Structures are given as structure tokens and as C-alpha cells.
Amino acid sequence: MAEGNLEGLNLIYDNSVESLLFEITKQNYKASSNDAHVIDNKDGCLCGHYPSEIYIPICLLENEEIDLNALTNQLKRARLARSRERFVVPAIIYKNKCIFRSATLSSGKEVLARKTKKGLTNVVEKLVKMSSWSGVFSGNLNRDNCESTHDESEDGLDFTSPSNGDRVSILDALRSRDVKVLETYGINYIFDLMVEERLLRYGMYVASSEKAASREKYSGFRIVQLPYPGCEFFSCWSERGYNPDNLKYQWDNDYNVCMKLPEETQSNPSHLMKGVIKANGEKSERNWDLAELTKNYLRIVLNFLQFENGNFLVHCISGWDRTPLFISLIRLSLWADGAVNESLSDTEMAYFTLAYDWFLHGHQLCERISKKENVLVFLFSFLNEISSEEYSIHRPVNESDRQKLDERKRRLRAVQDIFFNSFNNLLDFSVMEETTRKFVNSVRGAKVALHNRLFSSGNV
27 MAEGNLEGLN
37 LIYDNSVESL
47 LFEITKQNYK
57 ASSNDAHVID
67 NKDGCLCGHY
77 PSEIYIPICL
87 LENEEIDLNA
97 LTNQLKRARL
107 ARSRERFVVP
117 AIIYKNKCIF
127 RSATLSSGKE
137 VLARKTKKGL
147 TNVVEKLVKM
157 SSWSGVFSGN
167 LNRDNCESTH
177 DESEDGLDFT
187 SPSNGDRVSI
197 LDALRSRDVK
207 VLETYGINYI
217 FDLMVEERLL
227 RYGMYVASSE
237 KAASREKYSG
247 FRIVQLPYPG
257 CEFFSCWSER
267 GYNPDNLKYQ
277 WDNDYNVCMK
287 LPEETQSNPS
297 HLMKGVIKAN
307 GEKSERNWDL
317 AELTKNYLRI
327 VLNFLQFENG
337 NFLVHCISGW
347 DRTPLFISLI
357 RLSLWADGAV
367 NESLSDTEMA
377 YFTLAYDWFL
387 HGHQLCERIS
397 KKENVLVFLF
407 SFLNEISSEE
417 YSIHRPVNES
427 DRQKLDERKR
437 RLRAVQDIFF
447 NSFNNLLDFS
457 VMEETTRKFV
467 NSVRGAKVAL
477 HNRLFSSGNV
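The numbering of the sequence shown is my numbering, which starts it at 27 and goes up by one.
What follows is the structure in C-alpha cells.
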């Protein structure tokens with residue numbers, strides 16, 4: 027990151043760096059080096075926003091007896107069910123439990139629009155190949171905006187001028203396929219970070235969610251509603267001097283989703299849940315500021331991971347802002363406890379979560395920078411907030427546990443320092459692009475704000 031532009035961040039797309047990340051992923055997923063545990067996504071053939079190789083943890087293949095070829099076919103046939111075709115993929119392994127990530131459910135309009143667009147692209151491509159212009163184009167027409175490619179035979183659905191009734195049946199068929207994928211993965215719980223049941227844009231619903239879909243369709247899964255502000259809200263965080271305290275989201279009628287937890291979680295809370303739910307069961311998420319909201323949601327998710335059975339899915343709308351925020355928080359919290367990615371050093375973990383959890387899964391950094399939606403910077407500025415025993419899976423009962431907690435604090439602070447100190451040598455703003463200047467200014471501003479907060483609390 028010590029370059030005068032965003033090349034330091036863009037390097038994660040370099041083949042050698044990507045290969046290193048994949049090697050780390052394989053080691054932590056305990057996957058062999060052959061193709062038996064790898065789903066091929068070369069050139070974004072399944073999803074243009076995902077890594078070129080998608081690793082399936084061996085614990086899934088062994089415990090669930092998943093056939094990889096059948097799973098690959100399932101994903102091909104079900105990907106349109108998820109917004110931007112960002113289907114469900116593994117993210118973290120903890121105690122033979124798997125945390126998955128994805129986008130939310132597509133709406134019928136998005137499904138039809140994507141198929142229509144790809145159909146037109148295929149027609150244009152065929153015409154170009156038949157014409158004298160065939161040598162001018164490079165054959166990338168079907169990779170527009172980094173979307174995935176399609177073989178019409180993969181879907182087995184008729185999208186040619188469907189009536190309203192046909193659209194409903196097509197969407198229903200796709201969601202049935204999505205449910206099959208979730209069942210194949212052994213997912214029991216879905217953590218939904220959306221603040222709405224369905225996303226409304228320009229007077230039409232452009233995305234849906236499991237809680238708004240047919241109740242029978244997703245009734246086999248426990249949906250944990252954790253409404254969390256989208257990336258737009260983080261411009262407010264930036265404009266308030268990078269301080270999350272007393273920064274509250276303005277809930278209104280358009281954002282009518284409330285936090286909803288299974289009854290057993292509320293009636294028998296663990297040490298991770300202490301103080302999150304009041305004694306009378308009252309939930310206060312609409313009164314929590316950004317810091318409280320983030321900390322309490324993380325504790326809720328960690329509680330499920332520690333004490334509930336089965337696998338878990340985390341998603342927001344597109345799955346590339348709020349989702350990586352919480353995937354990174356979960357990974358870093360568990361890693362600081364020595365529970366996941368045990369072999370990684372402080373520096374390796376800092377770069378691994380940044381590159382793998384964010385960029386290789388589609389985070390749109392430049393767009394976020396242009397709008398001051400610094401959700402990625404927020405992640406690293408927030409790590410000191412989750413360093414205490416409240417967020418540890420190790421309940422402190424003896425001196426050994428106390429030592430683990432001290433190591434937890436050291437690790438999280440080290441990752442935080444590595445991120446912020448990476449920009450100390452960027453002194454010559456005159457050679458930087460505007461986007462880079464904005465990003466560096468955001469990082470430096472957040473670092474100053476963090477130091478001031480730590481100093482005022484006596485934790486420096």
C-alpha cells in the first residue's frame with residue numbers, strides 16, 4: 027500500500043498474490059491441492075465478482091457427502107436466484123461449522139432484466155462474428171460490467187416473453203433451487219442485515235429477501251433479522267469526524283425491519299449476549315448508535331456460532347459492503363482468540379481479510395471513496411472496540427484465559443496498526459490520483475479520530 031496511487035490495493039488482483047491467497051484459503055479449509063475441492067470460476071464464468079477459484083471446505087465434503095460436480099451444477103442453475111448472481115459461497119470455518127456469504131434474493135424484475143440483457147448480448151455477439159467487424163472486438167461482449175456468462179441450457183427455464191404468471195413460476199423455480207443449495211450446504215441460520223424486506227428503487231422492487239419470500243419456501247431456515255445501515259450511512263460517519271458514538275441511523279417507514287432473534291436465544295443468553303437483550307426481552311436496536319449496533323450484532327452472531335449447531339449464512343443486499351464488514355469482524359475476532367486461521371501472523375491476517383474478504387469478493391472501493399462511504403476504513407478503526415472479553419469465545423475463568431484475552435487485545439491492535447501505518451509513507455500528494463488522495467485522507471482522518479477516542483478513554 028506504500029505506492030502513490032491505488033496500485034497497492036489493486037495488486038490483490040495480480041495472479042501471484044491471488045495464488046498466495048488461494049494457498050492460505052486451501053490450508054485453512056484443509057482442502058487438497060487437486061481440483062476435488064475447487065469450483066472453477068475462471069474469468070467469472072459463474073460470478074464476475076467472486077475469486078477465480080472457489081474452495082469448498084473438506085468438512086462439508088466429508089460430513090455432508092457433497093458431490094462437487096453436483097454442487098457446481100446446482101450453483102449454475104440457482105445463481106439467478108440471488109442478486110447480481112452472487113450465490114452462496116463459504117467464507118469461514120470454525121469448529122467444523124461453516125459461515126457462508128452471498129447477496130440477498132433477486133426480485134422477478136432483476137431476474138428477467140438480467141436474462142434479457144444476456145440474451146441481447148448473445149445476439150449481438152453472433153451478429154458481430156458473422157460480420158466484417160468480428161476482428162475488431164475481443165469477444166468480451168458477454169462480460170459486460172464483470173457479470174457472469176450464461177449457457178441458456180444451464181437454467182432449463184423459458185425466459186422468452188414470459189407472462190406475469192410465467193415470471194412468478196420462474197422465480198419460484200429459481201428460489202427452489204436456491205433452497206436446495208442452502209440445504210446441500212447444511213445451513214440452519216440466515217443472518218439478514220437488510221433494513222428493508224424488499225429493496226425499492228425508482229418505484230419498483232429490485233431485490234427481495236428470505237423474510238419477504240414465500241414463507242413456506244424458506245420456512246426450514248431460522249432467519250435472524252439484524253437490520254444494519256447500508257454503505258450510504260458511512261458517509262455520515264466520515265462527515266462526523268469518523269466518530270461512531272451517538273451516530274444513530276434515522277429509521278423510518280421505508281425501513282420497517284426490526285431485530286428478530288429466535289426465542290431460545292433470548293430466554294437463555296450466554297456471556298456473549300450479556301446486556302444485548304434486556305431482562306424483559308426488550309430489544310433496543312433503534313436506540314443504539316453505530317458503535318453499539320455493530321458491537322451488539324457481532325456478539326449476537328458469535329453467540330450463534332459458539333452455541334448453535336449447523337452452518338450459517340450472512341448477507342446484506344449486494345453482499346459487498348455490510349457483508350464483508352461482518353465477515354471480517356467475525357474472522358478477526360475468532361482469529362484473535364486463536365480459533366481460526368491459526369497459522370497467520372498479524373500482518374498476514376491484515377492483508378488476508380482485506381484482500382480475500384473484501385476485494386476478491388467484489389467490494390467497490392473506488393465508488394465508495396467517491397461518495398465518502400468509508401465502510402472498509404470503519405472496519406479497521408473499530409477493532410479496538412471488540413478487543414475485550416465481551417467478544418471473546420473464551421469465557422475467562424482462570425489465569426490461562428486471562429492470558430488469552432491479553433493476546434486477543436494485542437492481535438487486534440496489531441492488525442489495526444498495520445492498516446493505518448501502511449499509509450504513513452505516502453507524503454507526496456502531488457503524484458496521487460484524486461481517488462487515492464481521498465482514500466488516504468479518510469484513513470488518516472480515521473486514525474486521528476481513533477487516537478483521540480483512545481486518549482480520552484485512557485486506553486492509549
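C-beta atoms are modelled at their ideal positions from N, C-alpha and C, and glycine is treated no differently.
A quick note: this is a predicted structure, and the numbers were derived from the prediction, not measured.
Same chain, Cβ closer than 6 Å to residue i, neighbours up to 5 away in sequence not counted
i	result
K430	H420
G388	H75, W346
W361	N367, M375
F352	V340
K23	Since the first residue shown for the chain is 27 and the last is 486, residue 23 is missing from the structure and cannot be characterised.
S468	N400, V403
Where the beta strand (DSSP E) containing residue i begins and where it ends
i	result
Q390	From DSSP, Q390 is part of no beta strand (DSSP E); its letter is neither H nor E.
E79	79 to 81
N214	213 to 218
N337	337 to 341
P116	115 to 120
I65	64 to 66
V250	248 to 251
Close Cβ partners of residue i (< 7 Å) along its chain, the five nearest in sequence each way excluded
i	result
I249	I216, D218, E236, K237
A107	L131, S132, L200, R201, R203, D204
F445	A376, F406
A239	L131, R201
P270	W263, D315, L316, A317
Y244	V205, E236
Q442	F406, L409, N410
K274	D315
When the options are compared against residue i, the one with the closest alpha-carbon
i	options	result
L298	N329, E460, H389, D427	N329
K464	S261, L72, N313, F481	S261
S414	V401, L402, N424, R437	R437
S310	S296, K286, N424, L331	K286
A440	N410, I125, I326	N410
M220	A233, K243, T461	A233
V137	Y120, R112, I119, P116	R112
D383	H477, T461, F126, V283	F126
R325	S296, N313, N335, P350	S296
E433	I196, A139, G364	G364
Y268	L476, K274, F481	L476
L380	N313, S448, N272	S448
L355	V327, K121, N335	V327
L391	F378, N313, D427, T462	T462
P350	I118, E242, C73	I118
Y120	I84, K135, T98, R140	I84
First and last residue of the uninterrupted alpha helix (DSSP H) at residue i
i	result
D432	425 to 447
R127	From DSSP, R127 is part of no alpha helix (DSSP H) but of the beta strand (DSSP E) over 123 to 128.
N99	94 to 104
W361	348 to 362
E242	Neither: E242 is in no alpha helix (DSSP H) and is coded neither H nor E.
A475	460 to 483
Y323	316 to 333
D372	372 to 378
F408	Looking at the DSSP string, F408 is not in any alpha helix (DSSP H), and its letter there is neither H nor E.
S261	260 to 265
Contact belief for residue i with residue j at Cβ below 8 Å, rounded distance in angstroms
i	j	result
S128	I343	Not confirmed; about 11 Å, so no contact.
P116	I92	The pair is not a contact, with the Cβ atoms about 11 Å apart (cut-off 8 Å).
N254	Y323	Contrary to the premise, residue 254 reads as Tyr rather than Asn in this sequence. Confirmed, Cβ separation roughly 6 Å.
I213	F247	7 Å
K123	L358	Going by Cβ atoms, the distance from K123 to L358 rounds to 17 Å, so no, they are not a contact pair.
G471	R348	22 Å between Cβ atoms; not a contact.
Q251	V283	6 Å
S78	N67	5 Å
V15	Y211	Residue 15 lies beyond the stretch modelled for the chain, which goes from 27 to 486, so this question has no answer here.
R312	W277	5 Å
Closer than 7 Å: residue i CB and nearest the ligand SAM heavy atom
i	result
F446	The ligand SAM is not part of the structure shown, which contains no ligands of any sort.
Same chain only: Cβ atoms within 8 Å of residue i, ignoring 5 sequence neighbours per side
i	result
L226	V232, D280
N450	none
Sufficient close CB pairs (3 or more, under 8 Å) joining the stretch 314 to 324 to the stretch 98 to 109:
no
Does the stretch 391 to 398 come close enough to the stretch 356 to 374 that 3 or more CB-CB pairs lie under 8 Å?
no
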